[in-house]
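See below for the structure under consideration.
In mature numbering (1 follows the signal peptide of the UniProt record, and there is no 0), the protein residues as written are -24 to -1, 1 to 218.
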């Protein structure tokens, strides 16, 4: 019995360490809806729990899952998206972490969204599938400035625009690539959409995100524009798994 308890405790500690290693200690960002709340232990919460369980199983094999549970006012719609280079194991770990964390941060909200480096989790009482979410967008950037902002900004736009062209025709709606800079340096980029969007809407979302770069990341060595339907990122170092 002692060994069994010890082994179980060791497993739980190991899994917790794996989650922390894979996911990180904190999400990148989250939003809670401010208008509608659900009743504790009510039908909506039951449906939300069922949806979280479904997404945990549905998303990892392909990196994306979406579904709805319930009817009328108790219907919950949700999706989970993992970064295109993330393994099945890492995707599952990220969804596990995000589903628990969003319930802590938005305990009674009928709609919420949370982002980690490896995944996105989103749910709502409103059917948002197939609609580009331009709201709830946030920005991240490297504090370091480049020496030639005008040239760097142009190359950043060139790289991400090319990747947007690749992503919207890709079945995973995901693309990564690199561009040569001066002195043997490279610029690395990523574009990705949630797969409930049409190809044309994915392209619109990415183009709009790219147009936001001057507002957040002008002349910065790295930056992200992240939303509920798509995200873009560029860095001067590799950041995706090979």
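For every residue, glycine included, the Cβ atom is placed at its ideal position computed from N, Cα and C.
- Judged by DSSP in its simplified three-state form, residue 111 adopts coil rather than helix or strand.
- Judged by DSSP in its simplified three-state form, residue 47 adopts coil rather than helix or strand.
- In this structure, the straight-line span from the alpha carbon of residue 151 to that of residue 27 is close to 28 Å.
- Per DSSP, residue 128 is one residue of the alpha helix (DSSP H) stretching across 125 to 143.
- The shortest C-alpha to C-alpha distance from residue 24 to any of 46, 136 and 35 is the one to 46.
- The C-beta distance from residue 30 to residue 43 rounds to 5 Å, short enough to meet the 8 Å contact threshold.
- A residue is called buried when at least 16 other Cβ atoms come within 10 angstroms of its Cβ; residue 73 meets this threshold and is buried.
- Of the residues 191, 206, 211 and 184, the one whose Cα lies closest to the Cα of residue 165 is 211.
- In the structure shown, the three-state DSSP call for residue 72 is helix.
- From the listed residues 100, 85, 146 and 133, the smallest Cα separation to residue 173 is found for 146.
- Of the candidates 130, 118, 197 and 76, the residue whose Cα lies closest to the Cα of residue 98 is 76.
- Counting every other CB atom within 10 Å of its CB across the protein chains shown gives residue 190 a total below 16, marking it as exposed.
- When secondary structure is reduced to three states using DSSP, residue 8 falls in the strand class.
- Taking the Cα positions, residue 118 is about 43 Å away from residue 49.
- The beta carbon of residue 61 is closer than 6 Å to those of 216 and 217 in its chain, skipping five residues each way along the sequence.
- One thing to note: residue 188 has its Cβ no nearer than 8 Å to the Cβ of residue 202.
- For residue 29, the enclosing alpha helix (DSSP H) covers residues 19 to 34.
- Looking from the CA of residue 21, the closest CA among 112, 130, 101 and 178 belongs to 101.
- In the three-state reduction of the DSSP assignment, residue 218 falls in the coil class.
- Of all C-beta pairs linking the stretch 103 to 114 to the stretch 148 to 163, fewer than three are shorter than 8 Å, placing the two stretches out of contact.
- Across the structure, residue 63 and residue 180 are spaced so that their CA atoms are roughly 28 Å apart.
- 162 is the residue among 162, 91 and 106 whose C-alpha sits nearest the C-alpha of residue 131.
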